[in-house]
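Protein chains in written order, with this note's numbering: chain A, 2 to 468; chain B, 36 to 421. Using N, Cα and C, we set each Cβ at its ideal position, and we do this for glycine too. Everything numeric in this text was worked out from a predicted model, so none of it was measured.
Below, the structure written as structure tokens:
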């Protein structure tokens, strides 16, 4: 298609993914030098702020473990609240990273190459934040290993028919595979860092980390294939993980949770929230580190289109929830759905709808998809909206159960909010550290899309299998 | 490989400026057949493995096999745990409810498959980690991981085990096919703190340390299950039944009920003598369920002394010292129901009260059953005519 590109109308031409002239060498200089220089003052300020938040969160977690989870607002019948809301929220944030790195890799969407590394790192940090919450929810986190099937003196095994045990396997597999995927992608970049650095100590560290990667063609042959396979595997995995998370709800018999739409609805919501977070973090990173030539407005434009599409699917899912409630002819399901709309927490339900469906409609306007203030406003709304959505699903469905005598209006405590803030602190602390320690853009992957990198592909000018 | 000759040569390496030049050079250098050739590139280049004559990567097959192994392992693990070793019925389903095992089968399939793709590729196929590979110590390496591409003509091992390479011919061939510069890369001195063996040993040590600490943890929990913080709710701010408490004036932890409290099913029974009780009448109808209930109560509580038929043929030995009444006699057949009720409530002679053991409805049900026994055991020939 290369020769015909210029004959195509503007809208059909592949968007420019790189601005100005970038060569493999200049790419390395630009991306890898951020790990070699001292961070700017703004970085220290941001780090101090996020690390303080994280510290606050961990102190409050310590207080929770010492005093017991009675310091949270949870009480019957709302036994799941902030802890599980935050868990589902953070796991969802992680899904965008895997989507970008795996699914878009399979689709050969070349714009993913510039942002995949950063999004994958966000996946790993988000899953770390998510993992904290079920752990502290069990009250005695040092016994969490009881969830694993290990031979024990009690002679008993976990109940493998429980969605909570599925969750343990799904999330730990997700974390291991994401970490592996991220690490494999990093290896060639760490090899570049090894060969650049003048620091003898760091040279040894990098050499060990990249396992002595030397870029030989016989290695690339296996590496490329394995990376492709991993992308395929991770695609199935990313769809399964949030489905399994949704089984925690859907497999129960509670009205408002017991719905077949939950798995796809959760997966879409996860990708939606994750993309919003990627847009926010990427916009900040791009400006702070000066990568505007590598991460262009075209990248943001595509991501905003994904957000818009997801917002429309979310709107459909909300409508289907109402339809399912009406069609069920079940008074309990009617009651739960009515609680979303005009119950105790009615304003949260409407706020969710506004944040997740209405505000993202702004992105239909091409100018807004390329405007940072608008896209960050939308992304913040989506992030808040997706958190509120989990609040509505969990708390609104639980707070009025089958026995009216047991109804209870849930109110979170300051400790609940503190731990939530702490998880944001931990997430951004890790992102900030990552941005200074490892290359935030996958240089070896970027090199494959620079002009002249793939002679075989360019020779097949009639349109190769990939383009 | 030759033993003494000063420095042994690993390969002659030519650096190329772009992928195009490298791809063009490969068939030309390969045709000269100077030794095994290998390319080194900063990023994967499609089609280069065919040009170099490399076989297709077997990683897909490995991943497929290990994925299937993972799924089967998960099915066996879950089935064995929940259906064989510790059978648990959940939701009234069969023990081997494989449908519920599918999510974990999927997850373990993914885990096995991706670890095979990652670690199998790195360790088994690519033989990494290698930290003192000749190429890593070459001058060219810094350019290769940056923006240059390299083609290496490696030393061949000759028939007598001697290394063979024609340095001049190799250098000539590389320059003629477009290489910018050529470097002769020797084998490194076998030394250095971070040798491959050192790293392998370090990893092994870490693995052994993990195993040892894991077992230590396991046995620790097993041998000292109730040391803090593993106190497992052993100590709780809680009062056990009958325990004392300084909180109340009488020192007792349990509180007596408020005066005049009547427990459900325990209405006070004020009648003192058997004769006074004669006026009580049986409130239950004489239906089959009542008689069945009465039979069960009789067999549980009465039959052991009064005999299964109520005839006083006891299963107790003489050592018991008391002889239970034969309920089939005329004296008992003439008793009004209330008098039997009174005996159940208050006991008689050696018989203790059964008020605490037999609830109200069961008392009247058992009286119906005693009546049935009396009638059945005193049947006459005329009854056959009915």
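Problem - Euclidean distance between Cα positions of residue 122 of chain B and residue 286 of chain A - result: The residue given as residue 122 of chain B occupies position 87 in the second chain. The residue given as residue 286 of chain A occupies position 285 in the first chain. Using only the alpha carbons, I get a separation of about 54 Å.
Problem - residue 36 of chain B - DSSP class collapsed to helix/strand/coil - result: Within the second chain, the letter at position 1 stands for residue 36 of chain B. Low per-residue confidence applies at residue 36 of chain B: pLDDT is 39, beneath 50, and the placement is therefore not dependable enough to give any value.
Exercise for the section: On the DSSP bridge assignment, give the partners of residue 74 of chain B in chain order. Expected result: In the second chain, residue 74 of chain B corresponds to position 39, counting from 1. Answer is B:186.
Practice task
Output yes if chain B places a C-beta closer than 9 Å to the C-beta of residue 462 of chain A; else output no.
Solution key: In the first chain, counting from the first residue as 1, residue 462 of chain A sits at position 461. Because the pLDDT at residue 462 of chain A is just 49, under 50, the model does not fix this residue reliably, and the value given afterwards should be weighed accordingly. Cβ-Cβ to chain B under 9 Å: no for residue 462 of chain A.
Exercise for the section: Please name the residue in B:192, B:299, B:417, B:323 whose C-alpha comes closest to that of residue 395 of chain B. Expected result: Reading the second chain from its first residue, position 360 is the one you call residue 395 of chain B. The residue with the shortest Cα to Cα distance from residue 395 of chain B is B:299.
Practice task
State the start and end residues of the unbroken alpha helix (DSSP H) segment that holds residue 324 of chain A.
Solution key: Along the first chain, one-based indexing puts residue 324 of chain A at 323. Residue 324 of chain A -> alpha helix (DSSP H) spans 298–328.
Problem - Own chain, CB closer than 6 Å to residue 304 of chain B, minus 5 neighbours either side, in chain order - result: Looking up residue 304 of chain B in the second chain gives position 269. These residues qualify, in order along the chain: 380.
Practice task
Could you round the C-beta distance between residue 126 of chain A and residue 421 of chain A to whole angstroms and report it? I think they count as a contact, below 8 Å.
Solution key: Looking up residue 126 of chain A in the first chain gives position 125. Looking up residue 421 of chain A in the first chain gives position 420. Not quite, the Cβ-Cβ distance comes to about 16 Å (not below 8 Å), so this is no contact.
Problem - Validate contact between the segment 73–86 of chain B and the segment 50–59 of chain B using beta carbons, cut 8 Å, 3 pairs - result: yes
Exercise for the section: Within the same chain, show all residues whose beta-carbon is closer than 6 Å to that of residue 333 of chain B, passing over the 5 residues directly before and after it, in chain order. Expected result: Residue 333 of chain B sits at position 298 when you count from the first residue of the second chain. Around residue 333 of chain B: 401, 404.
Exercise for the section: Check residue 140 of chain B in the structure and name its three-state DSSP category. Expected result: For the purposes of this step, residue 140 of chain B is taken as the residue at position 105 of the second chain. In this structure, residue 140 of chain B counts as helix in the three-state DSSP scheme.
Exercise for the section: Could you say which of A:206, A:84, A:59 lies nearest to residue 439 of chain A if we only look at CA atoms? Expected result: By 1-based counting over the first chain, the position of residue 439 of chain A is 438. Ranking A:206, A:84, A:59 by Cα distance to residue 439 of chain A puts A:206 first.
Practice task
Return the CA-CA distance between residue 418 of chain B and residue 409 of chain B, expressed in angstroms with no decimal places.
Solution key: For this step, residue 418 of chain B is matched to residue 383 along the second chain. For this step, residue 409 of chain B is matched to residue 374 along the second chain. Looking at the two C-alpha atoms, the distance is approximately 14 Å.
Problem - Spatial neighbours of residue 402 of chain A in its chain, beta-carbon cut-off 8 Å, leaving aside the 5 residues before and after - result: Position 401 of the first chain, counting from 1, holds the residue named residue 402 of chain A. Same-chain partners within the cutoff: 78, 255, 408.
Handout entry: Collapsed DSSP secondary structure at residue 467 of chain A in the structure displayed
Key = Taking the first residue of the first chain as position 1, residue 467 of chain A is located at position 466. Note that residue 467 of chain A has pLDDT 41, beneath the 50 cutoff, so the model's placement of it is unreliable and no number is given.
Handout entry: Any chain A beta carbon closer than 9 Å to residue 40 of chain B
Key = Within the second chain, numbered from 1, the residue matching residue 40 of chain B stands at position 5. With a pLDDT of 49 at residue 40 of chain B, under the threshold of 50, the modelled position of this residue cannot be trusted; read the value that follows with caution. Not one chain A Cβ lies under 9 Å of residue 40 of chain B.
Handout entry: Residues that residue 221 of chain A contacts on chain B, provided the C-beta gap is smaller than 7 Å
Key = Counting from 1 along the first chain, the entry for residue 221 of chain A is found at position 220. Within chain B, the residues near residue 221 of chain A are 76, 79.
Handout entry: Within chain B, the residues that residue 239 of chain A reaches when beta carbons sit closer than 7 Å
Key = Here residue 239 of chain A corresponds to residue number 238 of the first chain, with the count starting at 1. Neighbours of residue 239 of chain A on chain B: none; closest Cβ ~10 Å, over 7 Å.
Exercise for the section: Take residue 165 of chain B and list the residues in its own chain whose beta-carbon comes closer than 6 Å to its own, dropping the five residues that flank it on each side. Expected result: Taking the second chain and counting its residues from 1, one reaches residue 165 of chain B at position 130. Closer than 6 Å at Cβ, skipping near neighbours: 231.
Exercise for the section: Please compile the residues from chain B whose C-beta is within a distance smaller than 8 Å of the C-beta of residue 455 of chain A. Expected result: Taking the first residue of the first chain as position 1, residue 455 of chain A is located at position 454. The contacting residues are 54, 80, 81.
Practice task
Report the option in A:358, A:326, A:291 whose CA atom is closest to the CA atom of residue 261 of chain A.
Solution key: One-based indexing of the first chain puts residue 261 of chain A at position 260. Out of A:358, A:326, A:291, A:326 has the C-alpha closest to the C-alpha of residue 261 of chain A.
Practice task
Count the C-beta pairs between the segment 105–124 of chain B and the segment 227–239 of chain A that are closer than 8 Å, then say yes if the count reaches three, no if not.
Solution key: no
Practice task
State yes or no: is the beta carbon of residue 154 of chain A nearer than 9 Å to at least one beta carbon in chain B?
Solution key: Mapped onto the first chain, residue 154 of chain A falls at position 153. Yes, its Cβ sits closer than 9 Å to a Cβ of chain B.
Handout entry: Beta-carbon proximity list for residue 42 of chain B, same chain, < 6 Å, skipping 5 on both sides
Key = Looking up residue 42 of chain B in the second chain gives position 7. Answer for residue 42 of chain B: 221, listed in chain order.
Practice task
Kindly indicate if chain B contains any beta-carbon less than 9 Å away from that of residue 200 of chain A.
Solution key: Taking the first residue of the first chain as position 1, residue 200 of chain A is located at position 199. No, because no Cβ of chain B sits closer than 9 Å to the Cβ of residue 200 of chain A.
Practice task
Verify the CB distance criterion: does residue 291 of chain B have a CB-CB separation below 9 Å to chain A?
Solution key: Position 256 of the second chain holds residue 291 of chain B. Residue 291 of chain B does not count as touching chain A.
Exercise for the section: Would you mind telling me which residues of chain A sit closer than 7 Å to residue 166 of chain B, beta carbon to beta carbon, in chain order? Expected result: Taking the second chain and counting its residues from 1, one reaches residue 166 of chain B at position 131. Going along chain A in sequence order, the residues near residue 166 of chain B (Cβ under 7 Å) are 208, 213.
Practice task
Tell me, please, whether the segment 365–374 of chain A touches the segment 37–44 of chain A by the rule of three or more beta-carbon pairs shorter than 8 Å.
Solution key: no
Practice task
Could you list which residues in chain B have their beta carbon closer than 8 Å to that of residue 160 of chain A, in chain order?
Solution key: The residue you call residue 160 of chain A lines up with position 159 of the first chain. Neighbours of residue 160 of chain A on chain B, chain order: 117, 123, 125.
Practice task
Express the C-alpha separation of residue 50 of chain B and residue 1 of chain A in angstroms, rounding to a whole number.
Solution key: Summary: the structure shown does not reach residue 1 of chain A, with chain A confined to residues 2 through 468, and so no result is reported for it.
Problem - Same chain, Cβ closer than 8 Å to residue 267 of chain A, five either side skipped, listed in chain order - result: Here residue 267 of chain A corresponds to residue number 266 of the first chain, with the count starting at 1. Contacts found: 89, 93, 243, 244, 246, 247.
Handout entry: Any chain B beta carbon closer than 9 Å to residue 182 of chain A
Key = Along the first chain, read from residue 1 onward, the residue named residue 182 of chain A stands at position 181. Yes, its Cβ sits closer than 9 Å to a Cβ of chain B.
Handout entry: From A:370, A:334, A:323, residue whose alpha carbon lies closest to that of residue 354 of chain A
Key = Locating residue 354 of chain A in the first chain gives position 353, counting from the first residue. Considering only alpha carbons, the answer is A:323.
Handout entry: Start and end residues, beta strand (DSSP E) containing residue 50 of chain B
Key = Locating residue 50 of chain B in the second chain gives position 15, counting from the first residue. Start and end: 44–51.
Problem - Test item: CB-CB of residue 70 of chain B and residue 86 of chain B under 9 Å - result: Position 35 of the second chain, counted from the start, is the residue given in the question as residue 70 of chain B. Position 51 of the second chain, counted from the start, is the residue given in the question as residue 86 of chain B. No, Cβ-Cβ distance for residue 70 of chain B and residue 86 of chain B is not below 9 Å.
Practice task
Give me the Cα-Cα distance between residue 269 of chain A and residue 321 of chain A, rounded to the nearest whole angstrom.
Solution key: What you label residue 269 of chain A is simply residue 268 of the first chain in a count that begins at 1. What you label residue 321 of chain A is simply residue 320 of the first chain in a count that begins at 1. In a straight line, the C-alpha of residue 269 of chain A is about 14 Å away from that of residue 321 of chain A.
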